[in-house]
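Right, one structure below, let's go through it.
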Amino acid sequence: MAPANPLAARVSPADPRAALLNPTLSMTQLLQALKALEAVGTLARTIKFGISSSVTAELLGTYLRKHAALNGVKLEPVQGNYDDLLRDMQRFAADGVEQAVVIPFLDNLLPSLEASLSGLNPLLVQDRQAQWRSQLQLALKAGAALSAIYISTFHRMSASSDPSGPDAVELLVDSLNAALREEAAAHPNVRLIDAQKLLATIGTRAAFDARFYYRAKAPYSARYFDAFAGAVASASRGFGSYFYKVLALDCDNTLWGGIVGEDGVAGLKLGPHDYPGNIFWRAQQLMAELERHGVLLCLCTKNNAADVEEALASHPAMVLKPAQIVARRVNWADKPQNLRELAAELNVGLDSFIFLDDSDFECAAVRSQLPQVHTVQVPKNLPDYPRVLEEISRLFLGGGVSAESRSKTQQYQQRAAGAAVQAEFATQEDYLHSLKLQALLSLNARASTARISELSKKSNQFNLTTRRYSEAEIAARMDSESTAVYSLVVRDRFGDAGPTGVVVMRYEGRSAHVEAFFMSCRVIGRGVEYSIWNRICEQAAARGCGELLAEYIPSPRNMLVERFFDDLGMQPLDGGAHAPAGAGAVAAGVVKYRLALPATGLTNRNWIEFIYA
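Numbering of the sequence shown is given in the working numbering, commencing with residue 46 and proceeding in unit increments.
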């Protein structure tokens, strides 16, 4: 059986968090396990998380703590007042709450609304619905500073007894949820949690407890809150603990049934109709959907390359096409080494990988040698396989996908084409001139808010401060007079790489502060990372600034940019010290820099045509 929690595959039996996965834990045992985990410092990060509910929901805080702990995060629940959304959001914003969950409830719009709706004046219901939406809008405005607000959709507690079509309750629920979708579209920090989908998964009898609903306005069971907290963990990408980009796939008994080197292409079990080929066909449909949403698909398989390519190109029921595979390691080498090479080729961290294989041996090898890779095994009970892939999909897509990310495979293939052409030139500079590079540097490009936020969360290696931003935080910095957001789009003869670099500036008196600078590794090495500073410094000087201040905040993964500001020509301030060579960037503290404005002598790469917007 697939684990109910997709993070279960990341937690080894020896991990202290493994106790949280025991489904038979009593509430007392769960609280004891959480207390022990939080006390010994095994959770790397702390997050304050608000709970605003129209029903009694104190139990939800415990399950949010559980799912946060499974992701290595200590969650501090901040309980709001009963059915007091606006004041809750105002308090959350004032108290430094980072994220919050909102649980509206149908019967709180009007007493016993679900049972009495058919006898109520429709104008009364419409008026109450409009009042609720107005209150919601005010609350979301008050919570604009929160990085994320997760809102449960409305649902009914009992099914309609009218088989002829939707009754008044169903129509009202649909109308309320349509309003929620509109508000979510209008507020970049709002995401919806589909309560009806959760109810369909666990069943209404298991989700509701009528005794406590009538006694204490507490309709939800512990099982429902556990599932709801898991959905929030998925939507928040593990409360910010992971951002997967790559799905590395075995082939035999993973993409298809059978062994291509022994059974031949014609003997593979794959197709929409017959078992077990229909399971692998369904699995490939789910993989293809991930690729269309921007997930990078790779092959990591022990096989003859010609056999695999023949299967991909010629099997009549093959869903995945060769063009959808961004990189391949089809050989007889160890899979951990192949995964290391794939990470180097794609220029992403191994903790961005999910590895899928049917073999006990291969899964154990990757788990032991590359624990940062999330390894998932094809289930022995094959009909569970599509459900496992649905869980994997939630790890990739639960936090949302920007439009730019949907073209990831094409972008990485463009980069591969560029690498092939580069070999034709005698020098790197000759090659860069041949690319016909264009760099569009935009100031406060509101249309790119979602991509900028996403890039801040994904960029680790070329990220000078590793500060992360929600869409709302980026939008606020674009709107403020004292801050600015520069975004970079790089184009060359191989295509458009999309928004791939961001500088967040803050202006205080005569000082211009570099609050953040991060770039996709796909465009590093072309010179744009240095050349953009001419324009940024010019505009800072035009605002009356006499100095540019910056800092490098070391992390375990950003050693690539340890000396970027030195190379740019900035001077380390007194007290700033880099780690000794070979010691690792984190060994030293924050390094602060200064550059006098107007700046002179900044590097300008003459092979780049700049366009400013």
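The C-beta atom is built at its ideal place from N, Cα and C for all residues, glycine as well.
Would you check if the region 268-285 and the region 376-394 touch, i.e. whether three or more CB-CB distances between them fall below 8 Å? At 8 Å Cβ cutoff, the stretches do not touch.
To the nearest angstrom, how far is it from the Cα of Arg268 to the Cα of Thr420? Between the alpha carbons of Arg268 and Thr420 lies a gap of roughly 27 Å.
Sheet register partners of Ser281 (DSSP bridge): Among the bridge pairs identified by DSSP, Ser281 is matched with none.
Which whole runs of the beta strand (DSSP E) in the region 349-382 are 3 residues long or more, in chain order? Counting only runs of 3 or more, we get 370-376.
Quick one: is Asn508 buried, meaning 16 or more other Cβ sit within 10 Å of its Cβ, or exposed? Asn508 should be labelled buried.
For Asp403 versus Val418, is the C-beta distance shorter than 7 Å? No Cβ-Cβ contact shorter than 7 Å links Asp403 with Val418.
Between the region 200-215 and the region 486-494, do three or more beta carbon pairs fall short of 8 Å? Touching, no, given that fewer than three Cβ pairs across the two stretches are closer than 8 Å.
Assign Gln144 to one of two classes, buried (16 or more other C-beta atoms within 10 Å of its C-beta) or exposed (fewer than that). Buried.
Inter-residue Cα distance where the pair is Cys590 and Asn579: Distance between the alpha carbons of Cys590 and Asn579 is about 14 Å.
Hey, how far is the Cα of Asn50 from the Cα of Glu435? Interpretation of Asn50 is limited by its pLDDT of 49, a score under 50 that renders its predicted location unreliable; the figure taken from the coordinates is listed afterwards. In this structure, the straight-line span from the alpha carbon of Asn50 to that of Glu435 is close to 11 Å.
Going by other Cβ atoms of all chains shown within 10 Å of its Cβ, with 16 needed for buried, is Ser501 buried or exposed? Looking at its Cβ environment, which holds 16 or more other Cβ atoms inside 10 Å, Ser501 is buried.
Starting from Ser179, trace the alpha helix (DSSP H) in both directions and tell me its first and last residue. Residues 167-187.
CB contact flag (Val340, Leu292, <7 Å): Against a cut-off of 7 Å, the Cβ pair of Leu292 and Val340 comes out as a contact.
Can you give me the Cβ contacts of Ile238 inside the same chain, cut-off strictly under 8 Å, excluding the 5 residues immediately before and after it? Contacts found: Val146, Tyr195, Ile196, Ser197, Thr198, Phe273, Ala276, Val277, Ala280.
What residue range is occupied by the uninterrupted beta strand (DSSP E) comprising Leu121? With the sequence shown as reference, residue 121 is identified as Glu, and Leu is not the correct amino acid for it. Unbroken beta strand (DSSP E) run through Glu121: 118-127.
Residues that Tyr657 bridges to, as DSSP identifies them: Per DSSP, Leu486.
In angstroms, rounded to a whole number, what distance separates the CA positions of Ser397 and Asn505? About 11 Å.
I'd like to confirm the pairing. Which residues does DSSP put opposite Arg90 in its beta bridges? Answer is Val118, bridged to Arg90.
Given Gln414 as reference, the closest of Leu401, Pro428, Gln382 once Cα atoms are compared: Residue Gln382 is the option with its Cα nearest to Gln414.
Would you report the Cα separation of Val310 and Lys242, rounded to the nearest angstrom? Cα to Cα, Val310 sits roughly 39 Å from Lys242.
Cutting at 7 Å between CB atoms, please list the residues of its own chain near Tyr108, excluding the five before and the five after it. Excluding residues within five positions, the ones whose Cβ falls inside 7 Å are Phe270, Asp271, Ala274.
For Ala630, count neighbouring Cβ atoms within 10 angstroms of its own Cβ and tell me buried if that reaches 16, exposed if not. Since pLDDT at Ala630 reaches only 39, below the 50 mark, its modelled position is unreliable, and the value read off the structure follows with that caveat. The Cβ neighbour count for Ala630, taken over all protein chains shown within 10 Å, is at least 16; the residue is labelled buried.
Of all the options Pro544, Ala189, Glu560, which has the alpha carbon lying nearest to the alpha carbon of Arg513? Among Pro544, Ala189, Glu560, the Cα nearest to that of Arg513 belongs to Glu560.
Please confirm whether Leu162 and Ala213 have their CB atoms less than 7 Å apart. Against a cut-off of 7 Å, the Cβ pair of Ala213 and Leu162 comes out as a contact.
Can you name, in chain order, every residue of its own chain whose Cβ lies under 8 Å from the Cβ of Ala517, other than the five neighbours on each side? Correct list, in chain order: Ala189, Ala190, Leu191, Ser192, His232, Pro233, Asn234.
Neighbourhood of Ala113 by C-beta, 6 Å cutoff - its chain only, sequence neighbours within 5 removed: Here the set comprises Leu120, Phe284.
Of the residues Ile324, Asp319, Asn323, Trp301, the one placed nearest Leu313, counting alpha carbons only: Checked all of Ile324, Asp319, Asn323, Trp301; the closest Cα to Leu313 is Trp301.
Taking only the alpha-carbon atoms, compute the straight-line gap between Asp308 and Arg432 and give it to the nearest angstrom. Whole-angstrom Cα-Cα distance: 27 Å.
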